[in-house]
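So the protein lines, in turn, are chains A and B.
Taking the numbering used here, the leading residue of the first sequence gets 645, the next gets one more, and so forth.
Taking the numbering used here, the leading residue of the second sequence gets 186, the next gets one more, and so forth.
Inspection log for the structure reproduced underneath, given as structure tokens.
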Amino acid sequence: MTRRHRIESLVLLLGAVTLLWSLFDAGDDLVATVGRQPGILGAFLVVITVGELFRVVMPSGRIAAPVATGAGIALALLGPVYGLAEFDVAAGVVTLVVATALGLALVLRTLLGRPAQWYLVAARTVGIAITATLMRLGDGDGRGVWVWELADRSPWVVALVMMAAAAAGLFADLVLTGLVQSERWELPATTTLRDELGEAQALTFGVLAAGPLVAFLAPVIGLLALPLGLLPMVLTYVAVRRYATNRATYRQTIAALSRLTEAAGYTPAGHASRVAERSVAIARSMGLHADQIQELEYAALLHDLGQVGLRSPIPDGATVLAAPDDQRRIASEGARIVRRTEVLDDVADLMERQTTPFRHVREWGEEVPLASRIIKVANAYDDFSHGRTDVVSVDAALERIHLGLGYEYDPEVVEALIRTNPVPGPR
Amino acid sequence: MPESSTPFLVRYGTPIYIGVTVVLAGGLAVVCHHLYGWPTAWGALGLLAFIGALTWWLPSTSSDGLSHFTADNVVVLAAIPIVGPVGAGVVGLVMAALTRRRIPAYRRAFNMAMASSSAMVGGLAYDMAGGSFAVQELHGAVALTLHVGLPIVVADAANLLANAVLVAGVIRLSAGVPLRLQLADMLTSSGMTQFAYGIVAFVVVIMWLPGGLGWVAVLIGLAPLAGARWALLQYGEEREARERALGALVAAIETRAPELEGHSARVSSMAGVMAQELGLRPKEVADVRTAGLLHDLGTVVVAPGQEGQDHRRSAVLRGAAMLQDLPFLAGASAVMEQVAYAGPDEHAPTLAAEVVRVADDFDLLLLGEGVGASEAMERLRERPTSADGERVLAALARALRARDEAAAPGTMVTT
Chain A
645 MTRRHRIESL VLLLGAVTLL WSLFDAGDDL VATVGRQPGI LGAFLVVITV
695 GELFRVVMPS GRIAAPVATG AGIALALLGP VYGLAEFDVA AGVVTLVVAT
745 ALGLALVLRT LLGRPAQWYL VAARTVGIAI TATLMRLGDG DGRGVWVWEL
795 ADRSPWVVAL VMMAAAAAGL FADLVLTGLV QSERWELPAT TTLRDELGEA
845 QALTFGVLAA GPLVAFLAPV IGLLALPLGL LPMVLTYVAV RRYATNRATY
895 RQTIAALSRL TEAAGYTPAG HASRVAERSV AIARSMGLHA DQIQELEYAA
945 LLHDLGQVGL RSPIPDGATV LAAPDDQRRI ASEGARIVRR TEVLDDVADL
995 MERQTTPFRH VREWGEEVPL ASRIIKVANA YDDFSHGRTD VVSVDAALER
1045 IHLGLGYEYD PEVVEALIRT NPVPGPR
Chain B
186 MPESSTPFLV RYGTPIYIGV TVVLAGGLAV VCHHLYGWPT AWGALGLLAF
236 IGALTWWLPS TSSDGLSHFT ADNVVVLAAI PIVGPVGAGV VGLVMAALTR
286 RRIPAYRRAF NMAMASSSAM VGGLAYDMAG GSFAVQELHG AVALTLHVGL
336 PIVVADAANL LANAVLVAGV IRLSAGVPLR LQLADMLTSS GMTQFAYGIV
386 AFVVVIMWLP GGLGWVAVLI GLAPLAGARW ALLQYGEERE ARERALGALV
436 AAIETRAPEL EGHSARVSSM AGVMAQELGL RPKEVADVRT AGLLHDLGTV
486 VVAPGQEGQD HRRSAVLRGA AMLQDLPFLA GASAVMEQVA YAGPDEHAPT
536 LAAEVVRVAD DFDLLLLGEG VGASEAMERL RERPTSADGE RVLAALARAL
586 RARDEAAAPG TMVTT
């Protein structure tokens, strides 16, 4: 086990232990249960497998599969509804069905050439096992919450209990996934956990509520509950996908704007996107929030836009070599153009402040946003290295930046720059 | 020539239409009462109206018209089997009456009449499709699907269509947008999502009546849509932001060529109106607007000191090429390319491109040469043109007339 993949390996191990426990829990009844309820278990297996093929990658990097997650939670919540044995499935069987479906989907994804991550299967299996177990706690025969017959209880109390059990499992899944991602992307765990748990809380709530919906429909319309109860999740998937695609095209629009100066020959090709990429890497390693990172990325992409107003281009478009007054003029011209959109005012502020030297912060207490200080360092790094990644260029750029450390550049940002490993070679 | 240019209709068309819609709602209420009687479950009706009003209080619609979250639709459709068509009409009426937005009384009256009429049309369609008003007596998936599920789908479609027709009518009279275009726009954009959300009403009805959950069914049915609503709102906001980001491109153009201040926005606006006058599809109208806005982009994408050195065609093509990578601007980019191939004395290969070219030339005549609108029109007419060119010039004349009329006092605009 390498140090780098320690958490991922632990999550995989936890998934494997959960599976072993499921086999133990299902015990001798496994074959009998599968034989008794082939329709219900088969339907869930198919829906979860197909649902996993329709994933959405959220802007923060979180992977959402609302249909599959909603179906998994629904199966975990099913039980002897109204005393009907046909919906009574042991927690171990639930976990095995979900794990099988997720594994199957992963194999299909691999065959289709799509990214496949086993740690996601492990984390989700653990989460479902928790929900299914919680729903069956508190009663000797494993029927748990369902021994409160719906007829005797307020439906909203039963719905709340189901939501709570579903939430416990889903949050365990999100925490495990967040920890692995922090390890994979070499980011502070607090950052990925905050993004994983904090982003799209309405989406998380919606997915949690899908389970109780299927469970309430099942006794009335049987297996038809599955497609009907998951319809809101299908609509959610469509909406979330549209949102994620739109976010991508919004970014493309900003990127197109940033290319204006390159197409006109003011700045070297790829400069804006390199500065943006480097800025985002630094910001992530410094633990900035996803929203701040997004604004930072836009500001970094557009930081040279003001050059379109210049009568003659500065050599190589390198603002770091321009006189401080010219730097400020370019930044405020760019900010003026961006403010015309009326929706990117915060981005314009970041652009405007990115020319301020760090000594103004240190000596005069001037408030310069961290994002602006990051762009200043990333821009200088790209200007000094001319976008090259060979050792000589990288060393030369870092040396020039060190000359202005604490005076021109924020030392903490420079430290983060070095942490993001600008030295060439495999990462 | 559009009817809206008739002074009487321009001045009184909208109030008359609102009056007719109120009478229609009253007529439908009488018919539904005659056929189905008064609702019996007044408690359920009150709860549905209250929950429906709450959904209207949620921020639900984004600005683009594509991302409409329609929880209100679910409540109205669920009301049909639970409290009957008259009850559904009352639910629609109360929901629209209690809407949070501050709007003039005549608009609120129209919204109430429209929501109520659409709900009752949905109720009639539900009955005609074999829908049951005694759902608790139905058992099993097949019976519930045949006598509740499918009829709700039919009611959903009828409700949506009635709503779209009534709204398109008022927009036709108040803003002059052709009925057919407005209908097509509404049904093909937000219509599909509204329809899909409507089906959730079936789920609510099953849980409310046979499931015995009562009003909690509405909450449990709507809760899973929280994620969809969130995503659609985000989508709408970001889509608007994306469109606005194009404003920065215009600002960049005007930074390089200050003499063009306001030109892009005027060309975009005029070309958009002309495209609508010509009956182009909504997507084409949007492409024409964007192409009008960004047609001078190529002038920025040129090294300093080189402005005006190259041919206009290559400048426009350069601008179009910059937009090619943006999927949502592919249509506008294509229009810009077509504009590039239209010389001073030859028309553009498509109607959309000809619209942009004529709007651009017209504004440049006003701006650059300082001539009046009528003289600019005359100059454009003097140029050799094709049948398409004639149609575009006629559309320009109509757009100018509509603009003048809209500026005249006494017109009532409701959208």
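Think of the CB as a built atom: it goes at the ideal place given N, C-alpha and C, for glycine as much as any other residue.
Residues of the segment 387-399 of chain B whose Cβ lies closer than 8 Å to any Cβ of chain A, in chain order | Among the residues of the segment 387-399 of chain B, those with a Cβ less than 8 Å away from any Cβ of chain A are Phe-387, Val-388, Ile-391, Met-392, Pro-395, Gly-396, Gly-397, Leu-398, Gly-399, in the order of the chain.
Reduced DSSP category for A:Ala-708 - H, G, I as helix; E, B as strand; rest coil = Against the first sequence, residue 708 of chain A aligns to sequence position 64. In the displayed model, A:Ala-708 falls within a strand according to three-state DSSP.
Within the 8 Å Cβ cut-off, does B:Val-338 reach chain A?
-> In the second sequence, the residue the question calls residue 338 of chain B occupies position 153. Any Cβ of chain A closer than 8 Å to the Cβ of B:Val-338 would place that residue at the interface, and such an atom is absent.
Nearest to A:Val-711 (by Cα), restricted to the options A:Leu-721, A:Ala-720, A:Arg-699, A:Gly-978 = On the first sequence, position 67 is the one that residue 711 of chain A refers to. Here the closest residue by C-alpha is A:Arg-699.
Quick one, which residues of the segment 878-898 of chain A are near chain B if we go by CB-CB under 7 Å, in chain order?
-> Only Leu-879, Thr-880, Ala-883, Val-884, Arg-886, Tyr-887, Asn-890, Arg-891, Thr-893, Tyr-894, Gln-896, Thr-897, Ile-898 from the segment 878-898 of chain A bring a Cβ to less than 7 Å from some Cβ of chain B.
Distance CB(B:Met-297)-CB(B:Ala-281) smaller than 8 Å | Within the second sequence, residue 297 of chain B is the residue found at index 112, counting from 1. Within the second sequence, residue 281 of chain B is the residue found at index 96, counting from 1. B:Ala-281 is positioned such that its CB atom lies closer than 8 Å to that of B:Met-297.
Closer than 8 Å to chain A by CB, B:Ser-248 = Start at 1 with the first residue of the second sequence, and residue 248 of chain B comes out as number 63. Note on B:Ser-248: pLDDT 38, under 50, position unreliable in the model; the coordinate value appears next. No, no contact with chain A.
Under 7 Å (Cβ pairs) to chain B, residues found in the segment 933-945 of chain A = Cβ contacts with chain B come from no residue of the segment 933-945 of chain A.
If you measure beta-carbon to beta-carbon, which residues of the segment 495-527 of chain B are closer than 9 Å to chain A?
-> Those would be Arg-503, Ala-506, Met-507, Leu-508, Asp-510, Leu-511, Pro-512, Phe-513, Leu-514, in chain order.
So, does the CB of A:Ile-1074 fall closer than 8 Å to a CB anywhere in chain B?
-> Outside the modelled stretch of chain A, which goes from 645 to 1071, sits residue 1074 of chain A, for which no answer is possible.
Give me whichever residues DSSP pairs with A:Tyr-1053 in a beta bridge.
-> Your numbering for residue 1053 of chain A matches position 409 in the first sequence. In the DSSP assignment, A:Tyr-1053 forms a beta bridge with A:Leu-1049.
Counting along the chain, where does the alpha helix (DSSP H) carrying A:Phe-731 start and finish?
-> What you label residue 731 of chain A is simply residue 87 of the first sequence in a count that begins at 1. Taken as a continuous stretch (DSSP letters only), A:Phe-731 belongs to no alpha helix (DSSP H), as it is neither H nor E.
Check whether the Cβ atoms of B:Leu-331 and B:Gly-308 sit closer than 8 Å, and answer yes or no.
-> The sequence position of residue 331 of chain B within the second sequence is 146, counting from 1. The sequence position of residue 308 of chain B within the second sequence is 123, counting from 1. For B:Leu-331 and B:Gly-308, no; Cβs fall outside 8 Å.
For the alpha helix (DSSP H) that B:Gly-272 lies in, which residues bound it at each end?
-> Along the second sequence, read from residue 1 onward, the residue named residue 272 of chain B stands at position 87. Where B:Gly-272 is concerned, the enclosing alpha helix (DSSP H) stretches over 256-282.
At a cut of 8 Å, does the segment 915-922 of chain A reach the segment 942-961 of chain A through at least three beta carbon pairs?
-> Verdict: yes, contact present.
Who pairs with A:Val-700 in a beta bridge, going by DSSP?
-> In the first sequence, residue 700 of chain A corresponds to position 56, counting from 1. DSSP, once it has assigned bridges, lists A:Ala-708 as partnering A:Val-700.
Assigned exposure category for B:Ser-247 - 16 Cβ within 10 Å defines buried = Working through the second sequence from its first residue, we reach residue 247 of chain B at position 62. Confidence at B:Ser-247 is low in this model, with a pLDDT of 44, below 50, so the placement of that residue should be treated as unreliable; the coordinate-derived value is given next. By the 10 Å Cβ count, B:Ser-247 comes out buried.
What whole-angstrom Cβ distance do B:Pro-512 and A:Thr-985 have, given they're in contact under 8 Å?
-> Your numbering for residue 512 of chain B matches position 327 in the second sequence. Your numbering for residue 985 of chain A matches position 341 in the first sequence. In this structure B:Pro-512 is not in contact with A:Thr-985, their Cβ atoms being roughly 20 Å apart against a cut-off of 8 Å.
Of all Cβ atoms in chain A, is any one closer than 8 Å to the Cβ of B:Ala-430?
-> Position 245 of the second sequence, counted from the start, is the residue given in the question as residue 430 of chain B. Taking Cβ atoms only, chain A reaches closer than 8 Å to B:Ala-430, which makes this a yes.
Could you name the residues of chain A that B:Gln-419 contacts, counting a contact when the two beta carbons are closer than 7 Å?
-> Position 234 of the second sequence, counted from the first residue, corresponds to residue 419 of chain B. For B:Gln-419, the C-beta contacts it makes with chain A under 7 Å involve Tyr-887, in order along the chain.
Contact set between the segment 975-986 of chain A and chain B, restricted to residues whose Cβ is under 8 Å from the partner = Identification of residues in the segment 975-986 of chain A having a C-beta nearer than 8 Å to some C-beta of chain B yields Glu-977, Arg-980, Ile-981, Val-982, Arg-984, Thr-985, Glu-986, given in sequence order.
Might you give, ordered along the chain, the residues of its own chain that have their beta carbon closer than 7 Å to the beta carbon of A:Leu-861, omitting 5 neighbours on each side?
-> Position 217 of the first sequence, counting from 1, holds the residue named residue 861 of chain A. Within the same chain, A:Leu-861 has close Cβ partners Ala-869, Leu-872, Gly-873.
Would a check of beta-carbon distances place B:Pro-200 closer than 8 Å to chain A?
-> Start at 1 with the first residue of the second sequence, and residue 200 of chain B comes out as number 15. Output row for B:Pro-200: interface = no.
Residue burial classification, B:Glu-567 (beta-carbon count within 10 angstroms, cutoff 16) = In the second sequence, counting from the first residue as 1, residue 567 of chain B sits at position 382. Around the beta carbon of B:Glu-567, fewer than 16 other beta carbons lie within 10 angstroms, which makes this residue exposed.
Under 8 Å between C-beta atoms, does B:Tyr-382 make it to chain A?
-> For the purposes of this step, residue 382 of chain B is taken as the residue at position 197 of the second sequence. Closer than 8 Å: yes.
Straight-line gap, B:Val-207 to B:Ala-525 (C-alpha atoms, nearest Å) | The sequence position of residue 207 of chain B within the second sequence is 22, counting from 1. The sequence position of residue 525 of chain B within the second sequence is 340, counting from 1. Looking at the backbone, the Cα of B:Val-207 and that of B:Ala-525 are separated by about 51 Å.
Cβ neighbours of B:Arg-586 in the same chain (closer than 6 Å, five flanking residues each side left out) | As a working mapping, residue 586 of chain B is identified with position 401 in the second sequence. Taking C-beta separations shorter than 6 Å and ignoring five residues to either side along the sequence, B:Arg-586 has no partners in its chain.
In the segment 832-919 of chain A, which residue ranges form an unbroken alpha helix (DSSP H) of at least 4 residues, counting only runs that do not cross its ends?
-> For the segment 832-919 of chain A, the continuous alpha helix (DSSP H) assignments of 4+ residues that do not extend past its boundaries occur at 833-842, 845-865, 869-907, in sequence order.
Own chain partners of A:Leu-841 with C-beta closer than 6 Å, once the 5 adjacent residues on each side are dropped = Your numbering for residue 841 of chain A matches position 197 in the first sequence. Sequence-distant Cβ neighbours of A:Leu-841 in its own chain, meaning closer than 6 Å and more than five residues away, are Leu-818.
Three or more C-beta pairs below 8 Å linking the segment 735-746 of chain A and the segment 446-460 of chain B = Fewer than three beta-carbon pairs drawn from the segment 735-746 of chain A and the segment 446-460 of chain B are found closer than 8 Å, and the two stretches are therefore not classed as touching.
Looking at the C-beta of A:Arg-903, does it have a partner C-beta in chain B at a distance below 8 Å?
-> On the first sequence, residue 903 of chain A is found 259 positions in, with the first residue counted as 1. Yes, A:Arg-903 lies at the interface with chain B (some Cβ there is under 8 Å from its Cβ).
Close-in-space but distant-in-sequence residues of the same chain around B:Tyr-311 (CB under 6 Å, 5 per side omitted) | Position 126 of the second sequence, counted from the first residue, corresponds to residue 311 of chain B. Scanning its chain for C-beta atoms nearer than 6 Å, with the 5 sequence neighbours on each side dropped, one finds around B:Tyr-311 the residues Ile-265, Pro-336, Ala-340, in chain order.
Closer than 8 Å, CB to CB, is B:Val-385 near chain A or not?
-> Position 200 of the second sequence, counting from 1, holds the residue named residue 385 of chain B. True, the Cβ-Cβ gap to chain A drops below 8 Å.
Among residues of its own chain, excluding the 5 on either side of A:Ser-929, which ones have a beta-carbon nearer than 6 Å to its beta-carbon?
-> Along the first sequence, one-based indexing puts residue 929 of chain A at 285. The residues are Ala-1060, Arg-1063, Thr-1064.
Is there at least one non-hydrogen atom of the ligand FMN closer than 7 Å to the beta-carbon of A:Leu-752?
-> This structure lacks the ligand FMN, and indeed carries no ligand of any kind.
I think A:Glu-1010 touches A:Thr-999, with their Cβ atoms under 8 Å apart; what is that distance to the nearest whole Å?
-> Numbered from 1 along the first sequence, position 366 holds the residue referred to as residue 1010 of chain A. Numbered from 1 along the first sequence, position 355 holds the residue referred to as residue 999 of chain A. The pair is not a contact, with the Cβ atoms about 12 Å apart (cut-off 8 Å).
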